[in-house]
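Residue numbers (our numbering), protein chains in the order written: chain A, 1 to 298; chain B, 1001 to 1155.
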Amino acid sequence: MYHIISIRDFERSDLDYLLDRAREFDTGEYRPAMLDDKLVALLFFEPSTRTRMSFATAMARLGGRSIGVDSVEASSIVKGETLADTIRVVSGYADAIVLRHPKEGAARLASEFASVPVINAGDGAGQHPSQTLLDLYTIRQSIPIDGTNVGLLGDLRYGRTAHSLALALSLYGVTLHTIAPGGLEMPANIALELRERGMEVVEHANVEEAIRELDVLYVTRIQRERFPDSASYYNVASSYRITPDLLDGVKERLMILHPLPRAGEIDPAVDRTPYARYFEQARNGVPIRMALLHEVMK
Amino acid sequence: MSTKDPSRGLLVSPIRNGTVIDHITAGEALNVLRILGITGSTPECLSIATNVESKRMGKKDIVKIENRELRTEEVDRIALLAPQAKINIIREYKVVEKKGVEIPEVLRGVVRCPNPGCITNTNEPVESTFEVLPKGLHCLYCDWLIKDDIANHII
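In structure tokens:
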């Protein structure tokens, strides 16, 4: 059985294969026997708009159907049921499970109790492999990933999308530029792991220092809930903002990505520049999730 | 007249049945007892020697536990604190088994994950699981890495 749990579980060839399949779905080149007799359970125990909707859209485009829950409050978790029991029960209903859960490692646990494939749609501050795949896909749509300079900006301490993406990029000979406000730097053990994988990691104090070197700038939101009070949040949150002025002199092919939602890190005026790719990136969630759903249920 | 130091006799006095844990890293004897669940209210008869001179280690600790033979999972825990420890099983005053400790590749249910957000710290029916790496213990659920102070995380 094929589970999608963590980007750490993938070799480069696995990633390339899934990206190729996503492109085939995206361009209409690939029209296999679809999943019209299949049912996926979308178990979202944490709020999500894009991830949940893109999985539902992907399943519908493959001809399959979705069932699921949208919140802890709407599930038997409030009655004290364990996730393990929920997974065993839902395994009897659906052909695959897509899980979003607030606890790190929840998807790994689910895969141990499920009798159907499990796809991790984000577990706490842990892993979010389908987001990483669509990030890679968006980069590869425009430029080869190999040998690029990628900047990660924002909350690199808690940001699961940043961690997963950095690990995946380490398989592509990318130079990583990390730019984080004080206290939100990339955890030392992850930076060490990246270097052990042979990745060049360059730390920067501010985005101005790095932006002209970059082919990709991946911006993340600072999560307000991590801070004890509003003042300390705004101090950090206002420490960076991408504006059109900041983009003077950048590489012509620079692409700005963001997993969305944004909360002021990117001036809306940037949306009209050729560098903005975050809405295209969100759209790419559908072909990537089509590839994942098809792969685990075919 | 004997030249034997009378205090040495106290340190090496034999036990009839039980376990002698020798070559414990100096200063770790009390942590070894803690992870074995031995406290002032448990019934074992104990001898503990700390900071004993050792040719091989400089200083070492020794623990003797009467009428108790250690299980494999207990030995695994000791290995985390005292990788050079030697376990001697004693029956009728004789050493019937002598073995070193070995840190297993994977530790299940031995160490609690320090990450409060880890799924293993909830009421789910799973044991914590760590792979043992040269740089520390890696949680196979949440990817947390324990680099030091392992004694405080042993269950």
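We treat Cβ as the ideally placed atom computed from N, Cα and C, and that holds for glycine. Small disclaimer: the values here were computed from a predicted structure and weren't measured.
Run through chain A and tell me which residues come within less than 7 Å of B:Asp1143, C-beta to C-beta. Gly126
DSSP on B:Ser1002, reduced to helix/strand/coil? Only weak support exists for where B:Ser1002 lies, its pLDDT of 45 falling under 50; the coordinates are left without a value.
Within its chain, find whatever has a CB closer than 7 Å to the CB of B:Ile1103; leave out the 5 residues flanking it on each side and keep chain order. Ala1079, Leu1080, Pro1083 and Val1132
Can you look up B:Val1101 in the DSSP assignment and give me helix, strand or coil? coil
Any chain A beta carbon closer than 8 Å to B:Val1126: yes
Measure the C-alpha to C-alpha separation of A:Glu185 and A:Ile179 and round it to an integer number of angstroms. 8 Å
Contact criterion: CB-CB distance below 8 Å. Does A:Glu104 meet it with respect to chain B? yes
Answer yes if the stretch 284-297 of chain A comes into contact with the stretch 16-26 of chain A, meaning at least three C-beta pairs across the two stretches below 8 Å, and no otherwise. yes
What are the residues that DSSP puts in a beta bridge with A:His204? A:Ile179
Taking a Cβ distance cut-off of 7 Å, strictly less, list which residues of the stretch 1101-1130 of chain B are near chain A, in chain order. Asn1115, Gly1117, Cys1118, Ile1119, Thr1120, Thr1122, Asn1123, Glu1124, Pro1125 and Val1126
Going straight from the alpha carbon of A:Met255 to that of A:Ala162, what length do you get? 16 Å
Establish whether the CB of B:Ser1002 and some CB of chain A are separated by less than 8 Å. Reliability fails at B:Ser1002, whose pLDDT of 45 lies under 50, so the model's placement of it is uncertain and no value is given.
Same chain, Cβ closer than 8 Å to B:Glu1074, neighbours up to 5 away in sequence not counted: Ile1035 and Leu1036
Amino acids of chain A, ordered along the chain, whose beta-carbon sits closer than 9 Å to that of B:Leu1140: Gly105 and Arg108
Tell me where the alpha helix (DSSP H) around A:Thr132 begins and ends. Pro129 to Ser142
Determine the contact status of A:Val69 and A:Ile139, defining contact as a CB-CB distance below 8 Å. no
Other residues of its chain near B:Arg1068: CB distance less than 7 Å, five sequence neighbours each side excluded: Gly1018, Thr1019 and Glu1044
Listing by chain order, which chain B residues have their CB less than 7 Å from the CB of A:Asn189? Leu1145
List the DSSP bridge partners of A:Asp70. BP columns for A:Asp70 are empty, so no partner.
Nearest-angstrom Cα distance between A:Arg61 and A:Gly105? 30 Å
Which residue spans inside the stretch 1020-1107 of chain B form an unbroken alpha helix (DSSP H) run of at least 4? 1029-1035 and 1072-1081
Where does A:Arg157 sit, in a helix, a strand or coil, going by DSSP? coil
According to DSSP, is B:Gly1136 part of a helix, a strand, or is it coil? strand
Assign A:Pro259 to one of two classes, buried (16 or more other C-beta atoms within 10 Å of its C-beta) or exposed (fewer than that). buried
Rounded to whole angstroms, what's the CA-CA distance from B:Cys1139 to B:Asn1121? Just pull it up for me. 12 Å
Three-state secondary structure (DSSP) at A:Asp123? strand
Alpha carbon to alpha carbon, what distance is there between B:Ser1013 and B:Met1001? Because B:Met1001 sits at a pLDDT of 43, beneath the cut-off of 50, its placement in the model cannot be relied upon, and the following sentence gives the value as read from the coordinates. B:Met1001 and B:Ser1013: Cα-Cα distance of roughly 21 Å.
Output needed for A:Leu136: all residues of its chain with C-beta closer than 7 Å, excluding positions within five of it in sequence on either side, in chain order. Leu15, Leu19, Ile145 and Ala168
Touching or not, the stretch 279-289 of chain A and the stretch 47-67 of chain A, by the rule of three or more beta carbon pairs under 8 Å? yes
Whole angstroms are fine: how far does the CA of B:Val1052 sit from the CA of B:Thr1003? Bear in mind that a pLDDT of 48 at B:Thr1003, under 50, signals an unreliable position, so the number given afterwards is only what the model happens to contain. The alpha-carbon atoms of B:Thr1003 and B:Val1052 are separated by roughly 20 Å.
Under a CB-based cut-off of 8 Å, is B:Asp1149 close to chain A? no
Taking buried to mean at least 16 other C-beta atoms within 10 Å of its own C-beta, is B:Ser1128 buried or exposed? buried
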